[in-house]
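Those letters in the sequence shown? Residues 2 to 948, by our numbering. Note sheet for the following structure.
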Amino acid sequence: MEVVSEGEEVVNSLADAVGSAPCTGDANSAEHASQLDHNDEPGDSGSLEENASNRGEELAGGKRPREDSQSAQQTEQNGDYTEKGQASDQNEEEKEESLRGKRARVAEYPVADARERSGEQILGLPTGKAITLNEIQQDKLTRIALENWSVTLKDATRPQFSPELVDEIYRKELLVTVGNKTVPLQRVMVLEISQYLENYLWPNFDPHSSTFEHLMSIILMVNEKFRENVPAWKCFHDRKENFEPFLKRILTLKDESLEDEMVRGPVLRLVTLQLWHYLSPGRLQMELSLHEELIDHWKKLMKRETRAAKKGDGYVNAKERLDVKFIPLLLHEFVDTLDSVVVHNAKANLMDGDSEEVDAAEIPVLANALLYCERFVEFLIDLLSQLPTRRFTRALIEDFAIVSKCRLSALYSHTRGRLFAQLVDLLRFYEGFEIDDQTGSHLSDDDVLLAHCSKLQAFQLLCFKRVPKLKDLSLTNIGALEKRADLSKRLSVLLPEELRDLVCNKLNILSSSDPWSHKTEFLMEIMVSTFEKRLSQREAINALPLYPNEQVMWDESFVPSINYTGEGCLALPKLNLQFLTLHDYLLRNFNLFRLESTYEIREDVHDILQRMGAYVNGEGGTSFRGWARMAVPIKEFKITEVKRPNIGEVKPSACIAEVTFSIQKYKGPMRSEWDELKEHDVLFLLSIQPPLEQLSNAESLELSVLERFGLQYVRGCEVIEMRDEEGHLMNDFTGRVKREDWKPPQGELRTAVVALDTAQYHMDVSSMGDKDEDIYSTFHVLMRRKPKENNFKAILESIRDLMNEDYIVPGWLRDIILGYGDPGAAHWKNMKNQLKVIDFKDTFLDAQHLRDSFEGFDVVFQNADESNNQNPPPPYRVTFPKSFMTNPKMSGSKRKGLIPDATIESSNDAHDKIYAEAYVPPDPGPYPQDKPKQNTVRFTPVQVLPI
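Printed below as a string of structure tokens:
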């Protein structure tokens with residue numbers, strides 16, 4: 002299977018139409034019904050100069066990468082104590098085999114490892130040069146734009162649309178014709194700045210007569226808009242009637258914007274129940290038995306097909322219709338491409354007479370095919386991470402065994418396939434997400450465990466009846482089968498033919514017509530992945546360290562070292578407008594916030610490494626030439642206590658250590674900053690083993706940050722208490738040190754009692770071999786961060802605690818957070834069962850405050866002592882009239898939008914009355930400390946309404 006670039010661009014465009022999907026109506030009714038109902042179908046612009054001046058320099062490299070700006074800021078604040086080396090990656094052109102596609106190849110944006118290419122190259126700019134406003138204005142494409150589609154042209158002088166001009170621009174500027182050379186990103190950017198799509202391509206697009214070059218040019222421009230994070234679909238609304246034919250033409254070539262009704266309709270037709278025509282018979286039977294509510298829909302669908310076939314009149318079989326076969330054909334193409342990504346040309350990589358196989362990591366990779374595979378897996382993740390597109394596609398993706406095929410591919414274990422492997426792992430996570438696809442309800446841990454045990458018991462029963470060789474397996478307890486290694490060992494007694502018969506015929510996990518069904522390793526992977534027990538989401542999040550380590554910090558797939566330009570993809574969850582469950586919403590925020598804080602911590606660590614200037618001393622130890630304000634060398638580190646795990650856990654319940662360091666170098670404010678460390682402050686421990694020989698500038702540029710500075714480990718910890726050289730507590734807020742006993746810190750040494758991350762400690766100890774060094778005996782540097790920037794641990798801990806609770810969220814709020822339903826339904830005036838009498842407690846400061854809050858109403862006070870006092874002190878119980886509680890339309894006061902319109906219209910005759918009852922609050926007792934704190938804020942009328 003040969004990969005062509007236009008397929009990649011089409012996948013990019015479709016992926017741009019899937020990611021954010023708010024739906025009007027309930028998640029389990031309107032959209033679900035819409036997908037089932039589709040089964041009966043057979044078959045503004047400014048001037049060019051203004052845009053260039055406003056966006057040209059910014060888009061083309063006028064802004065510095067975030068890393069450089071932060072580094073400059075830190076240098077200005079802290080001062081340069083040591084000479085800082087300049088880190089710029091050496092440029093290196095990759096050589097790869099050219100792809101001879103059956104169709105024309107369009108421009109794609111090159112993506113490579115950050116170590117292999119400089120920041121400018123990753124941004125798509127020429128090395129050492131950034132496009133400027135002057136260059137944009139002098140570009141030949143700008144001159145063509147001024148002559149043909151600039152908004153400054155008058156209708157009388159505007160030339161007619163020329164398809165030949167579109168074809169010429171596509172062939173000369175957007176088409177790759179020589180080898181693997183890619184078109185510079187500036188050519189697409191200049192066309193975007195000139196509003197090529199808005200003013201020329203889309204206004205003149207004809208669904209029937211427009212050329213292939215015209216269609217592909219639109220696709221490229223849409224992709225560029227998404228790369229720049231600007232609205233991509235706005236111009237399409239001017240000619241809505243042509244959008245669906247346009248999308249159909251894209252589909253005949255080969256979904257992040259479902260909030261747009263124009264986009265949502267055509268795209269959701271691709272993921273309806275009709276997709277199940279492509280399920281294997283066994284899988285279809287299993288899905289219908291698991292979801293009995295779909296049986297009637299499937300029967301009706303088959304009856305419609307039968308009636309349509311009898312009528313004839315151009316009937317097209319369901320499996321031949323474009324909206325049904327589109328995604329299955331994409332899956333087939335992806336699997337074929339997956340085999341061609343890694344070039345299996347072992348003979349070319351072997352020495353003469355050498356019969357050994359080539360290491361997979363040394364086999365070349367086709368860059369275009371690699372980018373296509375990464376983008377396609379991202380597309381599948383988008384499909385599975387939203388309920389409207391997930392319902393019927395998950396079964397199809399599982400039936401095709403996409404995850405297992407990806408995990409067994411050569412690319413998954415290749416050195417260049419690290420990002421691909423991370424994307425596949427994310428796809429596997431969403432494929433097994435704990436949710437009922439049809440109802441949208443979250444599955445609890447007990448529900449998941451029950452389903453897992455039921456599936457294993459059914460498998461054991463089948464083995465007992467029909468597979469004699471696996472009789473021992475059928476009599477084994479479930480706990481001995483649910484681990485990958487144990488299950489693989491027990492299944493290894495089967496011959497390849499017997500294993501294939503079990504998988505394809507008896508269990509119906511895989512279609513017997515699948516080309517991979519003859520691969521024993523693949524069949525074993527299918528069996529193990531189907532029946533092994535997976536960690537629940539709650540267990541997985543609890544096993545994840547809150548502090549980043551050195552591996553996460555310098556993983557470019559997770560935390561890019563430059564600004565992300567949208568050319569490639571990242572193995573990160575997306576914050577769309579729609580989420581699967583509240584747990585999914587929290588988990589995505591947890592991961593993204595964790596990685597955002599990781600980037601900031603990495604910049605601080607990098608700055609510390611440059612300033613400290615570590616080197617190997619005469620004794621073979623680590624010493625430092627420089628110093629830094631935010632880091633000190635460690636005198637002594639020791640773990641003092643490791644507590645036993647809690648019941649049901651494997652990690653220790655606590656891990657306590659002591660870190661001793663000296664602040665002798667610091668005077669004045671810097672010394673005070675170290676003495677102000679207190680409980681709950683977060684610190685980092687660095688282990689450094691610098692190179693034995695000092696590297697030249699050229700050599701250091703070829704190495705990563707870890708290799709250049711010799712950084713071995715990074716571990717986080719939280720301060721429990723601080724002690725001075727005499728052992729006295731410092732900055733104690735627990736009451737152990739009385740105010741009259743407080744003394745200034747003594748001596749130069751400080752000891753921090755810290756709590757290590759128990760999850761990270763368990764991972765380190767578990768991975769440590771007999772001959773491996775103890776990580777926790779190698780720390781050299783203690784690093785602190787600015788308190789205002791160092792609150793990430795508390796935020797992550799709060800999110801994790803929420804995920805561990807069986808929290809109850811009202812339905813109206815849940816739907817709003819997840820992106821379903823009408824947001825206006827959550828407004829108080831649209832809610833059912835409103836309270837007629839409300840106790841406002843201490844909301845109002847006095848009687849006049851109450852009157853001012855409800856202008857247009859007569860406030861009548863009813864005192865408990867039956868007095869006629871119209872200014873009693875608060876608190877008040879307020880009884881609202883029916884007109885106030887039931888009228889959904891709010892107008893103004895008349896300016897502020899606070900009073901129902903009906904009330905205003907009738908206010909000339911008589912105001913509705915609000916009855917307020919003043920009462921005496923309960924006596925808190927004689928002690929002042931027991932008196933509750935009272936509100937002192939005079940809330941405005943706008944603030945009172947939400948209360």
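Backbone N, C-alpha and C fix where the C-beta goes; we use that ideal spot for every residue, glycine too. A quick note: this is a predicted structure, and the numbers were derived from the prediction, not measured.
Assignment of alpha helix (DSSP H) within the segment 160–240, counting only whole runs of 4 or more residues, yields 164–170, 186–194, 213–228 in chain order. Per DSSP, G669 is one residue of the alpha helix (DSSP H) stretching across 669–676. By the neighbour-count criterion, in which 16 or more other beta carbons inside 10 Å mark a residue as buried, S697 falls on the exposed side. Between T752 and T641, the gap from beta carbon to beta carbon reaches 7 angstroms or more.
Taking C-beta atoms under 8 angstroms as the contact rule, Y413 and A402 fail to qualify, at a distance of about 14 angstroms. In the structure shown, Y808 falls within a coil segment according to DSSP collapsed to helix, strand and coil. Less than 7 angstroms divides the Cβ of Q747 from the Cβ of E727.
Proximity to E637 across I137, F780, R709, K652 peaks at F780, based on C-alpha coordinates. In the displayed model, G717 falls within a strand according to three-state DSSP. Sequence-distant Cβ neighbours of I776 in its own chain, meaning closer than 6 angstroms and more than five residues away, are Y714, D765. In this structure, D608 sits away from R786, with a CB-CB distance that is not shorter than 7 angstroms.
In this structure C407 is in contact with L339, their Cβ atoms being roughly 7 angstroms apart against a cut-off of 8 angstroms. Separation of S514 and S537 (C-alpha to C-alpha, rounded to the nearest whole angstrom) is 33 angstroms. With three or more CB-CB distances shorter than 8 angstroms, the segment 373–390 counts as touching the segment 577–595.
Non-local C-beta neighbours of K644 in its own chain, meaning closer than 6 angstroms and more than five positions away in sequence, comprise P653, S654, A655, ordered along the chain. Linking D448 to G717 through their CA atoms gives a straight-line distance of about 36 angstroms.
Assignment of D682 by DSSP, reduced to helix, strand and coil, places it in the coil class. Annotation: L547 is outside any alpha helix (DSSP H) and is labelled neither H nor E by DSSP. Residue pairing of L783 in beta bridges, as defined by DSSP: V633, L686. Residues L524 of the same chain have their beta carbon placed closer than 6 angstroms to that of L500, with the five preceding and five following residues left out of the count. Between R801 and I542, the C-beta gap is smaller than 7 angstroms, which places the two residues in contact.
Per DSSP, reduced to three states, the secondary structure at T133 is coil, with no helix or strand assignment.
One Cα belongs to E321, the other to Y171, and the distance between them is close to 32 angstroms. Shortest Cα-Cα distance from Y762 to any of L750, L547, M554 involves L547. Annotated as distal: V633 and L846, with beta-carbon spacing of 7 angstroms or more.
When the beta-carbon positions are compared, L457 and I479 come within less than 7 angstroms of each other. Of all C-beta pairs linking the segment 266–282 to the segment 320–334, three or more are shorter than 8 angstroms, placing the two stretches in contact. Distance check between M723 and each of V167, T390, D682, V617 places D682 closest, using alpha-carbon atoms only. Under the three-state reduction of DSSP, M554 is assigned to helix.
In chain order, A827 place their CB closer than 6 angstroms to the CB of W813, counting only its own chain and leaving out the 5 sequence neighbours on each side.
F532 counts as buried, since at least 16 other C-beta atoms from the protein chains shown sit within 10 angstroms of its C-beta. Nearest to T623 by C-alpha distance, out of R630, A629, M631, M613, is M613. Per DSSP, reduced to three states, the secondary structure at M723 is strand.
Positions of the alpha helix (DSSP H) runs, each at least 4 residues long and wholly inside the segment 494–522, are given as 497–502 in order along the chain. Around the Cβ of K794, a 10 Å sphere holds 16 or more other Cβ atoms; the residue is buried.
Between the alpha carbons of I145 and L573 lies a distance of about 40 angstroms.
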